[in-house]
Ligand SMILES: [Zn+2]
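Residue numbers (the working numbering): 66 to 238.
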């Protein structure tokens with residue numbers, strides 16, 4: 066092994082170069098296994114050997130989904146379903162009016178209140194899931210080495226927005 070600073074030959078098991086005193090990396094043959102343990106103490110290994118750890122830490126870090134993004138993803142499906150039902154119930158009563166069909170007043174009121182309740186829930190869930198999705202996309206963009214799941218967050222934004230639009234349409238109907 067050669068000292069990286071002064072190019073003086075050093076023993077494999079030496080911790081410091083005998084000529085210039087440079088602290089040497091752990092013995093070379095073990096290096097391929099070493100990155101396994103690097104993430105546990107990135108600070109200390111960075112001090113010991115900056116160039117070595119900077120390269121190896123990132124591939125070792127497990128990327129995971131951002132929790133808010135998953136919540137938004139799940140909510141967005143409810144938002145779009147509720148938005149759909151809100152429009153369905155709102156539109157149903159309008160259709161009855163349009164064709165001058167008599168509808169039992171009790172049912173009509175029931176349908177109107179269903180529509181309002183579903184629309185309110187769809188609006189809240191749609192906005193929440195779109196916001197959560199947006200936060201998750203931002204988080205992923207700022208720390209791409211830590212997070213994954215962009216497709217889910219985009220889906221949350223799109224479906225959540227559609228659910229919210231459905232809800233607004235149901236209010237307009
Ligand atoms: Zn040296």
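For glycine and all other residues, C-beta sits at the position ideal for the given N, C-alpha and C.
Everything numeric in this text was worked out from a predicted model, so none of it was measured.
Would you decide whether residue 163 is buried or exposed? Buried here means 16 or more other CB atoms lie within 10 Å of its CB.
Residue 163 should be labelled exposed.
Would residue 198 and residue 220 be called neighbours here (beta carbons separated by less than 9 Å)?
Contact flag set, yes.
Give a single yes or no on whether residue 78 has its beta carbon closer than 8 Å to a heavy atom of ligand 1.
Flag unset: Cβ of residue 78 not near ligand 1.
Any heavy atom of ligand 1 closer than 8 Å to the Cβ of residue 73?
Ligand 1 approaches residue 73 closely enough that one of its heavy atoms is under 8 Å from the residue's Cβ.
Can you give me the Cβ contacts of residue 154 inside the same chain, cut-off strictly under 6 Å, excluding the 5 residues immediately before and after it?
Excluding residues within five positions, the ones whose Cβ falls inside 6 Å are 176, 179 and 180.
If you run the structure through DSSP and keep just helix, strand and coil, what is residue 212?
If DSSP states are grouped into helix, strand and coil, residue 212 belongs with the strands.
Might you give, ordered along the chain, the residues of its own chain that have their beta carbon closer than 7 Å to the beta carbon of residue 234, omitting 5 neighbours on each side?
Same-chain partners within the cutoff: 152.
Could you give the DSSP three-state label for residue 238: helix, strand or coil?
Reduced to three states, the DSSP call for residue 238 is coil.
Would you say residue 87 touches ligand 1, meaning its beta carbon is less than 8 Å from a heavy atom?
Yes, since a heavy atom of ligand 1 falls inside the 8 Å radius drawn around the Cβ of residue 87.
My output table needs one value for residue 81: the three-state DSSP class, helix, strand or coil.
The answer is strand: DSSP assigns residue 81 an E or B state.
Find the nearest neighbour of residue 193 within the set 204, 69 and 144, judged by alpha-carbon distance.
Selected option, being the one with the closest Cα: 144.
Straight-line Cα distance separating residue 149 from residue 183:
Cα to Cα, the separation comes out at about 9 Å.
Could you pull the start and end residues of the alpha helix (DSSP H) that residue 131 belongs to?
Run containing residue 131: none; DSSP gives neither H nor E here.
Tell me the rounded alpha-carbon separation between residue 70 and residue 78.
Just so you know, the alpha carbons of residue 70 and residue 78 end up roughly 17 Å apart.
Is residue 70 near ligand 1, in the sense that its beta carbon is under 8 Å from a heavy atom of that ligand?
At least one heavy atom of ligand 1 lies closer than 8 Å to the C-beta of residue 70.
What does residue 72 pair with, by DSSP beta-bridge criteria?
In the DSSP output, where bridge partners are listed per residue, residue 72 has none listed.
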